[in-house]
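**Student:** First, the structure itself, so that you have it in front of you.
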Amino acid sequence: MSEPPARTVVDALEPWPDTVTWRPLSSRLIIVHLIGVATWTVVLLGGLLAGRIIGGQTAWLWGMAAVLALGLWRAGVAVRAVRAWGYAERDNDLLVRHGLVVRHLSIVPYARMQYVDVTAGPLERAFGLATVQLHTAAAASDARVPGLPPDEAARLRDRLTALGEDRAEGL
Amino acid sequence: MSDTGHPAPSGRPAPEIEPRRRLHPLSPLLKGAKSIVVIVAALSWQTLGQVGPTDFALIVLALAVGVVIFSAVGWWNTGYHVVARELRITEGLVWRRNRAIPLDRLQAVELRRPLLAQLSGLAELRLEVVGGNKAEAPLAYLTVRDAATLRERLLALSGRAAPVDTATTDEPAGGAPLYRVRNHDLLISQLLTPQAIFLPFGVAWVSAQFLLEGSWTFIGIASTMTAMAGVLLQPIRRVLRDWDFQLAREGGDRLVLHYGLTETRSQVVPPNRVQAVRLTWPFLWRAKRWMSLRMDIAGLSGPDPGDDKSSDRLMPVGDLPTARALVAAALPGVDLATLATSPPPPWARLLHPFGLRFLGAGLAADVFVSRSGRITRETTLIPYARMQSVRVVQGPVQRRLGLATVYADTAGGHAGAARDRPLAEAYAIADQLALRARRARCGPLAPVDVAGPVTDGSEAPVDETFWQPPEQP
Numbered sequence: 001m002s003e004p005p006a007r008t009v010v011d012a013l014e015p016w017p018d019t020v021t022w023r024p025l026s027s028r029l030i031i032v033h034l035i036g037v038a039t040w041t042v043v044l045l046g047g048l049l050a051g052r053i054i055g056g057q058t059a060w061l062w063g064m065a066a067v068l069a070l071g072l073w074r075a076g077v078a079v080r081a082v083r084a085w086g087y088a089e090r091d092n093d094l095l096v097r098h099g100l101v102v103r104h105l106s107i108v109p110y111a112r113m114q115y116v117d118v119t120a121g122p123l124e125r126a127f128g129l130a131t132v133q134l135h136t137a138a139a140a141s142d143a144r145v146p147g148l149p150p151d152e153a154a155r156l157r158d159r160l161t162a163l164g165e166d167r168a169e170g171l
Numbered sequence: 001m002s003d004t005g006h007p008a009p010s011g012r013p014a015p016e017i018e019p020r021r022r023l024h025p026l027s028p029l030l031k032g033a034k035s036i037v038v039i040v041a042a043l044s045w046q047t048l049g050q051v052g053p054t055d056f057a058l059i060v061l062a063l064a065v066g067v068v069i070f071s072a073v074g075w076w077n078t079g080y081h082v083v084a085r086e087l088r089i090t091e092g093l094v095w096r097r098n099r100a101i102p103l104d105r106l107q108a109v110e111l112r113r114p115l116l117a118q119l120s121g122l123a124e125l126r127l128e129v130v131g132g133n134k135a136e137a138p139l140a141y142l143t144v145r146d147a148a149t150l151r152e153r154l155l156a157l158s159g160r161a162a163p164v165d166t167a168t169t170d171e172p173a174g175g176a177p178l179y180r181v182r183n184h185d186l187l188i189s190q191l192l193t194p195q196a197i198f199l200p201f202g203v204a205w206v207s208a209q210f211l212l213e214g215s216w217t218f219i220g221i222a223s224t225m226t227a228m229a230g231v232l233l234q235p236i237r238r239v240l241r242d243w244d245f246q247l248a249r250e251g252g253d254r255l256v257l258h259y260g261l262t263e264t265r266s267q268v269v270p271p272n273r274v275q276a277v278r279l280t281w282p283f284l285w286r287a288k289r290w291m292s293l294r295m296d297i298a299g300l301s302g303p304d305p306g307d308d309k310s311s312d313r314l315m316p317v318g319d320l321p322t323a324r325a326l327v328a329a330a331l332p333g334v335d336l337a338t339l340a341t342s343p344p345p346p347w348a349r350l351l352h353p354f355g356l357r358f359l360g361a362g363l364a365a366d367v368f369v370s371r372s373g374r375i376t377r378e379t380t381l382i383p384y385a386r387m388q389s390v391r392v393v394q395g396p397v398q399r400r401l402g403l404a405t406v407y408a409d410t411a412g413g414h415a416g417a418a419r420d421r422p423l424a425e426a427y428a429i430a431d432q433l434a435l436r437a438r439r440a441r442c443g444p445l446a447p448v449d450v451a452g453p454v455t456d457g458s459e460a461p462v463d464e465t466f467w468q469p470p471e472q473p
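Going line by line, the protein sequences match chains P and A.
According to UniProt numbering, the first sequence holds residues 1 to 171 in order.
According to UniProt numbering, the second sequence holds residues 1 to 473 in order.
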């Protein structure tokens, strides 16, 4: 009784996850990430500037240029990474996709939920954002949805817990 | 400060609030003995050489007395009792710790008897609960009878369905034996490990060094012997641990395992607790056509593969017919010989220049099958009903090639992986896994459309049967 998977049946141009309506993250998360990148860049630039003032070689300027370029590139990546992140609530499971270089798609059934974490760091809180994470008994399960407005985070949390209770199975 | 009454377990517990009970009075001595071994090992040969045997003995004695006193204080403050469907354990003098272990989360119960405990007729009871990295509640030590009674009670309380009445099962105590390892095979199988095979070369090399230098010191030789023992430790430990390995099925679908030489362990796994079964076929065992089976139980086996402490063997060594029977016992309805997998597409050869055809994945009726490994071949079976989540991961190189890997996560820590499938197929597999997991969870009451994007096998692609006989590798 084995049913080996077929080669290609679904349309490759419209693979199955894209037929799901994905919800994007709040665009304010982009700002949070950009602030992170900017802070990092400014600290490094400050260090290099100090080096330039004390040492005086031109190599420090090249370093600053490199750091600036890296910062800009990272800003671009941050924007695209947030855009690439998405989640979808289906009838029986939560889908989360993320990642630019390594792309991830997680399918976590509500029935497998052990607990839901809602966290918000200081910077996230300042922008009115929160992170919802769904935990299962498997450590590898990876269903984290950052950058949700608090009311959306609360709604998602309540929905997940409600669905988890309905379909409680655990292990 | 302890309000516990009875030092020794006695009588039948009251149905309402039963009194807290203490562990056996000999436990501090036994626990102390364990620590002393650790202390002696920590002091090492070096110290013995420096301080001389008399002082060494004195140091060990002083430490031993301290350890035993410490354990005795711990014992006085440790108590356990069953309240409703919870086992409550109180321990600690300075930092009091109260733990309530919900019994419906119980994954397995193990009765361990280390050498000293065997001599004194005691046993340690370990409960495995989900979410704990280590055994949540080692109750060390109880008398064997108490431990067995408590285990029966906990198992009965843990039952999701009606508790199994072991008194009325038709099998004799110990249940119907399914499998028993042949100790002869076990010894040979552990001699056929890289450690054992390379040991003679190591010994020869070290002896050659001694002979060339001509300096024979006691410490030098002792250290060498210790190092050799360290290398051989894993095979030797496996032999000692898996000695007389027996597996039986008891009342209903419980699996009862019994094994060990110096430390005997007997473990009861309630039904539906096996998260995954892994079949390993090491290179050196191929001539013998042997393989080993392991099972993942939540909370018992961590993600660390080299962890010898985890007791997760289903079959230490055996041949294919035995493996088939045991897989059928652990995962009812699964026949090892009929599990087919299909390899990744030929263009995935760029990622796996060797042994592409030993990779594979397949969706069987009840389990997700994945195979890997050129030298040590491994097959992982994950029942849909136990799957926790599904992931599709695509790295940068895979994206270039239009491939993706599908992971099926389990609570046991080992994920089944369909590596490097074409993207569309990967999504189809993921969809199927989610669908079948849901169907398996809901039972036959909620039929779901399984047709999906995956064909029903009528036009099976380049399909390779799961089992390749050793003659034609």
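Where a beta carbon is used, it is the ideal one built from N, C-alpha and C, also for glycine.
Please read all numbers here as calculations on a predicted model, not as lab measurements.
#1: Report the partner residues of I219/A according to the DSSP bridge assignment.
#2: For A437/A, would you say it is in contact with chain P, using Cβ-to-Cβ distances shorter than 8 angstroms as the test?
#3: S158/A: buried (16+ other C-beta within 10 angstroms of its C-beta) or exposed?
#4: Within the same chain, show all residues whose beta-carbon is closer than 6 angstroms to that of A364/A, passing over the 5 residues directly before and after it, in chain order.
#5: Compile a chain-ordered list of the residues in the stretch 127 to 149 of chain P whose CB is closer than 8 angstroms to at least one CB of chain A.
#6: Count the C-beta pairs between the stretch 309 to 328 of chain A and the stretch 177 to 190 of chain A that are closer than 8 angstroms, then say yes if the count reaches three, no if not.
#7: Using alpha carbons as the reference points, say which of R419/A, R391/A and R439/A lies closest to A430/A.
#8: Relative to the C-alpha of R83/P, which residue among A154/P, L160/P, W22/P and G164/P is closest?
#9: Is the closest heavy atom of the ligand NAD to the C-beta of D242/A under 7 angstroms?
#10: Look at the Cβ atom of Q394/A, then the Cβ atom of R103/P, and state whether they are nearer than 8 angstroms.
#11: To which residues of the same chain is A81/P closer than 8 angstroms at the C-beta, ignoring the five residues directly before and after it?
#12: I'd like the span of the beta strand (DSSP E) that includes A176/A, first residue to last.
#13: Hey, which unbroken runs of the beta strand (DSSP E) at 3 residues or more fall wholly within the stretch 245 to 323 of chain A?
#14: Between V277/A and L331/A, which are expected to be in contact by the criterion C-beta below 8 angstroms, what is the C-beta distance as a whole number of angstroms?
#15: Please report the straight-line C-alpha distance between T379/A and L155/A, rounded to a whole angstrom.
#16: Here's the rule: buried if 16 or more other CB atoms are within 10 angstroms of the residue's CB, otherwise exposed. What is R155/P?
#17: Taking only the alpha-carbon atoms, compute the straight-line gap between T146/A and V68/A and give it to the nearest angstrom.
#18: DSSP three-state label for F358/A, please.
#19: Using DSSP with H/G/I as helix, E/B as strand and the rest coil, what is E332/A?
#20: Give a yes or no on whether the minimum CB-CB distance between I395/A and chain P is below 8 angstroms.
#21: Helix, strand or coil for I382/A per DSSP?
#22: I375/A by DSSP, collapsed to three states: which one?
#23: Just to make sure I have the definition right: I need the residues of chain A whose C-beta is within less than 9 angstroms of the C-beta of L25/P. Which are they?
#24: Enumerate in chain order the residues of its own chain whose CB-to-CB distance from L103/A is below 7 angstroms, with the five nearest sequence positions on each side excluded.
#25: Which residues of chain A have a Cβ atom closer than 8 angstroms to the Cβ of I30/P, listed in chain order?
#26: Could you check whether T149/A and D296/A sit closer than 8 angstroms to each other, using their CB atoms as the reference points?
#27: Comparing C-alpha positions only, which one of A415/A, L403/A, A229/A and L212/A sits nearest to Y384/A?
#28: Which residue or residues does DSSP assign as beta-bridge partners of R421/A?
#29: Cutting at 8 angstroms between CB atoms, please list the residues of its own chain near S44/A, excluding the five before and the five after it.
#30: Using three-state DSSP, classify M387/A as helix, strand or coil.
#31: Could you list the residues in the stretch 113 to 125 of chain P with a C-beta less than 7 angstroms from some C-beta on chain A, going in chain order?
#32: Report the three-state DSSP secondary structure of F127/P (helix, strand or coil).
#33: Report the three-state DSSP secondary structure of D170/A (helix, strand or coil).
#34: Can a CB atom of chain P be found closer than 8 angstroms to the CB of R441/A?
**Tutor:** Reading off the structure:
#1: Its beta-bridge partners do not exist; DSSP assigns none.
#2: Using a CB distance cut-off of 8 angstroms, A437/A counts as an interface residue toward chain P.
#3: Flag for S158/A reads buried.
#4: So the qualifying residues of the chain are L339.
#5: Only T136, A137, A138, A139, A140, S141, D142 and A143 from the stretch 127 to 149 of chain P bring a Cβ to less than 8 angstroms from some Cβ of chain A.
#6: With three or more CB-CB distances shorter than 8 angstroms, the stretch 309 to 328 of chain A counts as touching the stretch 177 to 190 of chain A.
#7: With distances taken between Cα atoms, A430/A lies closest to R391/A.
#8: Looking at the Cα atoms, W22/P is the closest of the given residues.
#9: Only the bare structure without any ligand can be found here, which leaves the ligand NAD out of the picture.
#10: Cβ atoms of Q394/A and R103/P: closer than 8 angstroms.
#11: Answer for A81/P: H33, H98, G99 and L100, listed in chain order.
#12: According to the DSSP assignment, A176/A belongs to the beta strand (DSSP E) that extends over A176 to R180.
#13: Residue ranges of uninterrupted beta strand (DSSP E) with 3 or more members, entirely inside the stretch 245 to 323 of chain A and ordered along the chain, are 246 to 250, 254 to 259, 264 to 269, 274 to 281, 291 to 297 and 313 to 318.
#14: The Cβ separation is near 6 angstroms, so the contact holds.
#15: T379/A and L155/A have their C-alpha atoms roughly 31 angstroms apart.
#16: Result: exposed.
#17: Before going on, a small fix: residue 146/A reads as Asp here, not Thr. Roughly 23 angstroms separates the two Cα atoms.
#18: Helix, per DSSP.
#19: The residue asked about is misnamed: residue 332/A is Pro in this sequence, not Glu. Residue state, collapsed to three classes: coil.
#20: This sequence places Gly at residue 395/A; Ile is not what is there. At least one chain P Cβ lies under 8 angstroms of G395/A.
#21: Residue state, collapsed to three classes: strand.
#22: It is coil, neither helix nor strand.
#23: The contacting residues do not exist; L25/P stays about 19 angstroms from chain A at best.
#24: R85, E86, L87, L154, L157 and S158.
#25: Neighbours of I30/P in chain A, taken as residues whose beta carbon is under 8 angstroms from its own, are absent, since the nearest beta carbon is some 23 angstroms off.
#26: Not a contact, by the Cβ cut-off of 8 angstroms.
#27: Ranking the options by Cα distance to Y384/A, first place goes to A415/A.
#28: Looking at the DSSP output, R421/A shares a beta bridge with A404/A.
#29: No residues qualify anywhere along the chain.
#30: In the three-state reduction of the DSSP assignment, M387/A falls in the coil class, being assigned neither a helical nor a strand state.
#31: Cβ contacts with chain A come from no residue of the stretch 113 to 125 of chain P.
#32: Residue state for F127/P is assigned as coil, using DSSP reduced to three classes.
#33: Because D170/A sits at a pLDDT of 38, beneath the cut-off of 50, its placement in the model cannot be relied upon, and the following sentence gives the value as read from the coordinates. In the three-state reduction of the DSSP assignment, D170/A falls in the coil class.
#34: R441/A belongs to the set of residues whose beta carbon lies under 8 angstroms from a beta carbon in chain P.
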